[in-house]
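Data first, discussion second: the structure below is written as structure tokens.
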Amino acid sequence: MSFFRNRLFTKIYFAIISILVLFGLGVCTYVFYFDYSWVDAFYMTTITIATVGFGEVQALDESGKLFTSFLIIASIFIFGYSVTTLSSYLLNEDYWENFRLKNKTKLIKRMKNHVIICGYGRNGKQTAKKLKKFNKDFLVIDEDSQVFHDSHLRDEQILIANSLHEKTLEDANIANAQFLILTLPSDADNVFIALTAKQLNKNIIIYSRASEESSVKKLKIAGVESVILPDKVGGDHLASLVVSPDLVEFFDNLMVDGHPNVVEIYINNAKEGWVIENLEIEEKTGCRTIGYKTKEGEFKVNPPAKQPIFNGDRIIVIGSKDQIAILNKINYFLG
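The sequence shown begins at 5 in the working numbering and counts up by one.
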């Protein structure tokens, strides 16, 4: 493909140069040999090469007629060659593929605070489905192109490459990403990607799945904020259906029509000495605060109104669909 493309570009350059040389030859000949003015020479050359059929600017002798005939015949061959070459270039699949990739790269580079998902297996698909429902910008990386068949993802949401390579993460614009979700089946691969990601973006928040409980500590050391054990979570959920089915049903219904009833607020504009009470969340939105998480990862359930708040901490609130909608409009303290 590379050889074909280089050869095609050579033909295009040759076609363009041939047209310019022919045009220059015509103008110069009419000026210096047939005593035309530069304007008349330009006009005569243009109508001759374009074969539009206008009359001569001034009468030509036999040599002039022969040269003009040569110019017409040469232009037919050169333009025919140029059209054929350009058509081959524009209709070539490699050309359109390169155009698509360039456009895709531009769109990815424009992403800000997006989510990168490594792996498009069962967990990766569920993650992408949920993020799509919430209109969150995300990009999925997987080296198997077949997994994206019928995925309904946009072109800029797919990157077919190996997540273990540093360049792949750079191509995914990890420097401007907010979250990285690791769903690869190999815990060792997830650890390696987490270490690489933290080198490229020290502020990125990483979540990962794990197959073995022994891998949780390693992933945490690598910079992963939260680790999910799918088998353990699934087992706990099934057991909870037996022990406390009504409670499980309540939590399952905290998501209504794709709209969450429980949301997390990132604090980034708190004033010194502020407490949760200063935010007036319940007064302004009707939502209630049910949790608080510090930058260090410490959780507090049902925190008091006098709980001190600091930038970088998070507040978990619960409310109805309408109350959450009001909350989303108040962004003076949101990250």
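Glycine is no exception: its CB is placed at the ideal position from the N, C-alpha and C atoms.
Simplified DSSP state of residue i, which is helix, strand or coil
i: residue 295; result: strand
i: residue 268; result: strand
i: residue 163; result: strand
i: residue 38; result: coil
i: residue 230; result: strand
i: residue 225; result: helix
i: residue 149; result: helix
i: residue 209; result: strand
i: residue 61; result: coil
i: residue 116; result: coil
i: residue 75; result: helix
i: residue 189; result: coil
i: residue 184; result: strand
i: residue 304; result: strand
i: residue 80; result: helix
i: residue 314; result: coil
i: residue 142; result: strand
Exposure label - residue i; buried when at least 16 CB within 10 Å
i: residue 327; result: buried
i: residue 159; result: exposed
i: residue 107; result: exposed
i: residue 37; result: exposed
i: residue 227; result: buried
i: residue 243; result: exposed
i: residue 130; result: exposed
i: residue 77; result: exposed
Residues of its chain near residue i, where Cβ-Cβ distance is below 6 Å and the 5 sequence neighbours each way are ignored
i: residue 309; result: 280, 281
i: residue 127; result: 187, 213
i: residue 291; result: 285, 321, 323, 327, 331
i: residue 236; result: none
i: residue 233; result: 214
i: residue 268; result: 318, 320
i: residue 48; result: 34, 61
Whole-angstrom C-beta distance between residue j and residue i, which should lie under 8 Å
i: residue 145; j: residue 165; result: 6 Å
i: residue 118; j: residue 143; result: 6 Å
i: residue 181; j: residue 120; result: 5 Å
i: residue 176; j: residue 163; result: 6 Å
i: residue 82; j: residue 21; result: Contact doesn't hold; Cβ gap of about 10 Å is too wide.
i: residue 79; j: residue 53; result: 4 Å
Spatial neighbours of residue i in its chain, beta-carbon cut-off 7 Å, leaving aside the 5 residues before and after
i: residue 201; result: 173, 178, 184, 208, 210
i: residue 33; result: 71
i: residue 125; result: 187, 189
Other residues of its chain near residue i: CB distance less than 8 Å, five sequence neighbours each side excluded
i: residue 204; result: 170, 173, 174, 178, 179
i: residue 90; result: 16, 19
Within 8 Å, strictly: CB atoms of residue i and residue j
i: residue 296; j: residue 322; result: no
i: residue 225; j: residue 289; result: no
i: residue 191; j: residue 216; result: yes
i: residue 30; j: residue 64; result: no
i: residue 314; j: residue 274; result: yes
i: residue 194; j: residue 223; result: yes
i: residue 307; j: residue 298; result: no
Residue i beta carbon near the ligand NAD (any heavy atom closer than 7 Å)
i: residue 37; result: For the ligand NAD, the structure offers nothing, since it holds no ligand at all.
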